[in-house]
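Structure first, then comments.
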Amino acid sequence: MAFDWKDDTQVKEFIHSLGIEYRFGCYKEKKPEVCHLLGDYLESIKKDYNKAGKVYQSNCDDYNFGRSCYKFGTYTLLGRGRQAVDPGVAYKYYCKGCELGVSESCWNAGLMCLHNRLNAGNMKDYHKGLELLDKGCEGNDPLCCYYIGSLYITGVQEASIQKDMDKARRYSEKSCELGNIHACVNVSQMYQRGDGVAKDEAKGEMYKKRAAELQDELVKQQQTLTFQQGTKPV
468 MAFDWKDDTQ VKEFIHSLGI EYRFGCYKEK KPEVCHLLGD YLESIKKDYN
518 KAGKVYQSNC DDYNFGRSCY KFGTYTLLGR GRQAVDPGVA YKYYCKGCEL
568 GVSESCWNAG LMCLHNRLNA GNMKDYHKGL ELLDKGCEGN DPLCCYYIGS
618 LYITGVQEAS IQKDMDKARR YSEKSCELGN IHACVNVSQM YQRGDGVAKD
668 EAKGEMYKKR AAELQDELVK QQQTLTFQQG TKPV
């Protein structure tokens, strides 16, 4: 018999069965990827953030599942569910998620170092922040690559990080390739001005065109989203 998504009873039965399946896969079969799905189920379907947080934490601690480390880091940073707001704990879990290959976790941990979000009174740690962002960039996170490129464009005097346009270009080019508009603009300007790199107007135009293409894609995505949501009747 075909499943009818318009039938509320069938939908409720499906959701209930899904929860049972995830619990079995997590608690009985001890599959980390299923435990993470259980956390997502508790978070998005049941809206039980307290239980979801516990699942994410144990899945990180017991099974080293990076995405669960990332999620629990966010829970402790925001105080979601019954979790107390604790930037130090959040940073610990973000770092673990980063080491386990979750680039978004590298991004959050790196920013916490660069913007003094570890705990009250801590100094900024630019070098550790760059190390974390670099790992995220290696994992093809465009924001991590862009941020590093931006830091090398100006340098950071208080951290003795020298301006390095060659590094700025390399990180920015990778970020652009991964779809970051601002990185494309930065690289375009570098080549057009010959700022720290050999002047190359052709390459400057190429990256400028790439930025324009990404901007057009973004506008189309926003228009599609608006169309799908519909307009509010007058």
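Mapped onto this note's numbering, the consecutive letters of the sequence shown carry residue numbers 468 to 701.
Beta carbons: idealized from backbone N, C-alpha and C, even for Gly.
Since we're looking at a predicted model, the values are computed, not measured.
Taking the alpha carbon of residue i as the point to measure from, which residue in the options has its own alpha carbon closest?
i	options	result
His-649	Ile-628, Cys-612, Gln-629	Cys-612
Tyr-560	Tyr-619, Arg-547, Thr-543	Thr-543
Cys-604	Tyr-619, Leu-645, Cys-580	Leu-645
Gly-548	Gly-533, Leu-567, Ser-511	Ser-511
Val-522	Phe-539, Lys-513, Gly-533, Val-664	Phe-539
Ala-519	Lys-602, Arg-490, Thr-476	Arg-490
Lys-602	Leu-581, Trp-574, Ala-626	Trp-574
Glu-598	Gly-577, Lys-666, Gly-616, Val-552	Gly-577
Glu-640	Pro-609, Lys-591, Lys-666, Glu-500	Pro-609
Gly-533	Cys-502, Lys-514, Gly-546	Cys-502
Gly-606	Cys-643, Glu-496, Ala-557, Cys-565	Cys-565
His-483	Gln-550, Leu-509, Val-686	Leu-509
Glu-500	Ala-669, Gln-550, Asp-475, Asn-531	Asn-531
How would you call residue i, buried or exposed, if buried means at least 16 neighbouring beta carbons within 10 angstroms?
i	result
Gly-661	exposed
Ala-587	With a pLDDT of only 49 at Ala-587, under 50, the local geometry of the prediction cannot be trusted, and no value is derived from it.
Gly-555	exposed
Gln-688	exposed
Val-569	buried
Thr-621	exposed
Thr-541	buried
Gln-624	exposed
Asn-526	buried
Gln-682	exposed
Glu-680	exposed
Leu-581	buried
Phe-557	At residue 557 the sequence reads Ala, which differs from the Phe that was named. Buried.
Ser-642	buried
Taking the C-alpha atoms as reference points, what is the distance between residue i and residue j?
i	j	result
Ile-487	Lys-630	55 angstroms
Met-657	Lys-563	36 angstroms
Leu-504	Asn-653	39 angstroms
Lys-595	Asn-583	12 angstroms
Phe-481	Ala-678	44 angstroms
Gln-690	Cys-536	34 angstroms
Asn-647	Glu-571	15 angstroms
Tyr-619	Leu-567	26 angstroms
Ile-615	Leu-600	7 angstroms
Gly-506	Met-579	25 angstroms
Tyr-593	Glu-496	42 angstroms
Lys-514	Ser-617	38 angstroms
Lys-591	Ile-628	13 angstroms
Asp-667	Tyr-516	53 angstroms
Leu-485	Asp-553	32 angstroms
Lys-498	Gln-524	15 angstroms
Tyr-494	Asp-529	12 angstroms
Gly-492	Leu-685	38 angstroms
Gly-663	Cys-651	16 angstroms
Met-632	Gln-550	43 angstroms
Ala-665	Ala-626	28 angstroms
Ala-669	Gln-659	8 angstroms
(message) Restricting to runs no shorter than 4 residues, where is the alpha helix (DSSP H) found entirely within the stretch 589 to 646?
(response) 593 to 605, 609 to 621, 632 to 644
(message) My parser needs the alpha helix (DSSP H) runs of 4 or more residues fully inside the stretch 483 to 543; what are they?
(response) 499 to 511, 516 to 530
(request) Tell me, please, whether the stretch 622 to 637 touches the stretch 666 to 673 by the rule of three or more beta-carbon pairs shorter than 8 angstroms. (result) no
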